[in-house]
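Step one of this worksheet: look at the structure below.
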Amino acid sequence: MVLRRIRLGLVILTLVVLQTTVFTHLRVVDAGPDLCLVGTIAMAYEEGAIPGAIFGFVSGLAIDLFLSTPFGLSALAYALTGYGVGIFQSGLIRETRGITVVLAGIGSLIGNLIFLIVGGLAGHDELFALHNIQILIVASLYDALLAIPVFPFVRWAAKADSSQAWPPR
Amino acid sequence: MVVYRRDTRGRSTLLVMVLIALALITIDANGNSAVARLRSAAHDVIQPIQSVVNSAFQPLRDVAGGITSYSSVKSENARLQREIANLRGQLRLDHGQGSEVTQLQKLLDLPTAEDATGIVAQVSGPGPGNFERTVTLDKGSGQGIRVGYPVVTGDGLVGTVTQVSGSQSTVTLLDSPTLGIGVRLADNGATALTAAHAGERDLTLDFLSNNQVKASKGELVLTAPVTHAAFPPGLPVGTVASYSKGTQDLQPTITISPTVDLDNLDYVKVLRYPDPTDTSTATTGG
Numbered sequence: 481m482v483l484r485r486i487r488l489g490l491v492i493l494t495l496v497v498l499q500t501t502v503f504t505h506l507r508v509v510d511a512g513p514d515l516c517l518v519g520t521i522a523m524a525y526e527e528g529a530i531p532g533a534i535f536g537f538v539s540g541l542a543i544d545l546f547l548s549t550p551f552g553l554s555a556l557a558y559a560l561t562g563y564g565v566g567i568f569q570s571g572l573i574r575e576t577r578g579i580t581v582v583l584a585g586i587g588s589l590i591g592n593l594i595f596l597i598v599g600g601l602a603g604h605d606e607l608f609a610l611h612n613i614q615i616l617i618v619a620s621l622y623d624a625l626l627a628i629p630v631f632p633f634v635r636w637a638a639k640a641d642s643s644q645a646w647p648p649r
Numbered sequence: 013m014v015v016y017r018r019d020t021r022g023r024s025t026l027l028v029m030v031l032i033a034l035a036l037i038t039i040d041a042n043g044n045s046a047v048a049r050l051r052s053a054a055h056d057v058i059q060p061i062q063s064v065v066n067s068a069f070q071p072l073r074d075v076a077g078g079i080t081s082y083s084s085v086k087s088e089n090a091r092l093q094r095e096i097a098n099l100r101g102q103l104r105l106d107h108g109q110g111s112e113v114t115q116l117q118k119l120l121d122l123p124t125a126e127d128a129t130g131i132v133a134q135v136s137g138p139g140p141g142n143f144e145r146t147v148t149l150d151k152g153s154g155q156g157i158r159v160g161y162p163v164v165t166g167d168g169l170v171g172t173v174t175q176v177s178g179s180q181s182t183v184t185l186l187d188s189p190t191l192g193i194g195v196r197l198a199d200n201g202a203t204a205l206t207a208a209h210a211g212e213r214d215l216t217l218d219f220l221s222n223n224q225v226k227a228s229k230g231e232l233v234l235t236a237p238v239t240h241a242a243f244p245p246g247l248p249v250g251t252v253a254s255y256s257k258g259t260q261d262l263q264p265t266i267t268i269s270p271t272v273d274l275d276n277l278d279y280v281k282v283l284r285y286p287d288p289t290d291t292s293t294a295t296t297g298g
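Chains A and P, in that order, are what the protein sequence lines are. Position in the first sequence (first residue = 1) + 480 = the working numbering. Position in the second sequence (first residue = 1) + 12 = the working numbering.
The following block contains the structure:
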């Protein structure tokens, strides 16, 4: 249990470090990927709604420390996305090829949309700009692509002690 | 029945997380210094790991930046660019100093950019967020950088420091929609406030002091001389890109292009402004 949590913590740390270093230089049309959001979607897909929401909340708080947008905004958006994806994935036929890529793209689109709407309502009017729709679409395509390496990484960290559930009940 | 109870517990957990997140957003919106301290501490903790990762991925970044750019050519190019930028900036400052406003600001003994000492810092890269216009510098409060200090290159104003940790700082760029800068048109002296729009590099001028003002393309726009301003007066901000005024318009629409190439920043200078040792300018406004 403890080891599993440490592994998941390291996954979050790795995603935050990569997002704040390497991927800031690999932007496409002003948009970069949101690795923690992809990780959240992966966790929700593998483990269900509540583990997905908790992973999203913690990783969102972690990335919020490095953003200029309100602290807690990513945590809120990712937690809701994780929960939503977790609920949705229970009805999916998992053997469908490429489902993780599609799920990451759609989940990213919804997560970023929640981020923009809540941020705008919280007083950051600039988040309502039309240009952000373009960013949102490009970022979700980028996230869909990065689901290919991120999903197995999160699966490894989450499933290693599959005999025990996370969070504990 | 069991399924119902488990589902309720799940929703309660989600509700608690949503409430905590909303509370944190509210606390941050109220400008609580605890959040700033938390962010600063997180930057300091993760900075050594970031340095290692940045060094490890430097070759990949170089490839992404341009396969043809060899490091020696790049450094030589950067040196020449800085030299050109300094000369351009000097030329613009000389141009600005000729105007009546500059004469008056000297008479009023307002602090200028020349009065402020600077800290040279390297731009580590853009901020990680998709919905912000920031860059990260490799120096922080340990080197004397404070929140609110203006950031410049030889070409002109870059932005302002908005977050500082011990070894890093975050600069909000002047084309960020969250930043408005008091400026004046160099030739006719009319003052205005810049307004940036998401996704656009050009800025528009709002709240013109003179609605009848006419601006010509290429006219220089400098920071305005205002007591307790956030920026020293006379710093080049941009040049007029377009001017239009319809018969029904109350004021003209003026757009300016920043003098600094904000997408290709390398080295910048953080001005100690207002001078921390000068008590007369210690309190700053917007």
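The beta-carbon is built from N, C-alpha and C at its ideal position, and this holds for glycine as well.
By the beta-carbon neighbour count (other beta carbons within 10 angstroms, threshold 16), GLN175/P is buried. For THR561/A, the enclosing alpha helix (DSSP H) begins and ends at 553-569. The beta carbon of PRO550/A sits closer than 9 Å to some beta carbon of chain P. Contact check between the segment 512-521 of chain A and the segment 558-565 of chain A: three or more CB pairs, one atom from each, fall below 8 Å, which counts as touching.
Residue pairing by DSSP puts TYR279/P in a beta bridge opposite GLN134/P.
Along the segment 45-68 of chain P, going in chain order, the ones with a CB nearer than 8 Å to a CB of chain A are VAL47, LEU50, ARG51, ALA54, HIS55, ILE58, ILE61, GLN62, VAL65 and ASN66.
Only residues of its own chain outside the window of five on either side were considered, and among them LEU596 have a CB closer than 8 Å to the CB of ASN612/A, listed in chain order. Closest option to PRO189/P, judged by alpha-carbon separation, among VAL508/A, LEU506/A and HIS604/A: HIS604/A.
The alpha-carbon of GLY178/P is positioned some 15 Å away from that of LEU545/A. Secondary structure of GLY585/A (DSSP, three-state): helix.
THR504/A has its alpha-carbon roughly 35 Å from the corresponding atom of ARG23/P. When DSSP reads this structure, ASP218/P sits in a beta bridge with LEU205/P. If you compare the alpha carbons of SER87/P, ILE32/P, PRO140/P and ASP187/P with that of THR549/A, the shortest gap goes to PRO140/P. The three-state secondary structure of PRO60/P, taken from DSSP, is helix. In terms of beta-carbon proximity, TYR563/A lines the interface with chain P, with at least one pair separated by less than 9 Å. Note that the C-beta distance between VAL164/P and VAL272/P is below 9 Å. Judged by their CB atoms, LEU556/A and ILE594/A are nearer to each other than the 9 Å cut-off.
Within the segment 588-606 of chain A, the residues whose Cβ lies closer than 9 Å to any Cβ of chain P are, in chain order, ASN592, PHE595, LEU596, VAL598, GLY599, ALA602, GLY603, HIS604, ASP605 and GLU606.
GLN102/P counts as exposed, since fewer than 16 other beta carbons sit within 10 angstroms of its beta carbon.
For LEU545/A, the chain P residues whose Cβ falls inside 8 Å of its Cβ are LEU50, ARG51, ALA54 and HIS55, in order along the chain.
Residue pairing of THR184/P in beta bridges, as defined by DSSP: THR146/P and THR172/P. LEU220/P has its alpha-carbon roughly 9 Å from the corresponding atom of PRO264/P.
Distance between ARG145/P and LEU27/P, taken at the CA atoms: about 32 Å. DSSP, read as helix, strand or coil, puts ALA253/P in strand.
By the criterion of a C-beta distance shorter than 6 Å, LYS229/P is surrounded in its chain by VAL252, once the five residues flanking it on both sides are discounted. When the beta-carbon positions are compared, SER588/A and ALA638/A stay at least 9 Å from each other.
Chain P places no beta carbon closer than 9 Å to that of ARG487/A, leaving this residue out of the contacts.
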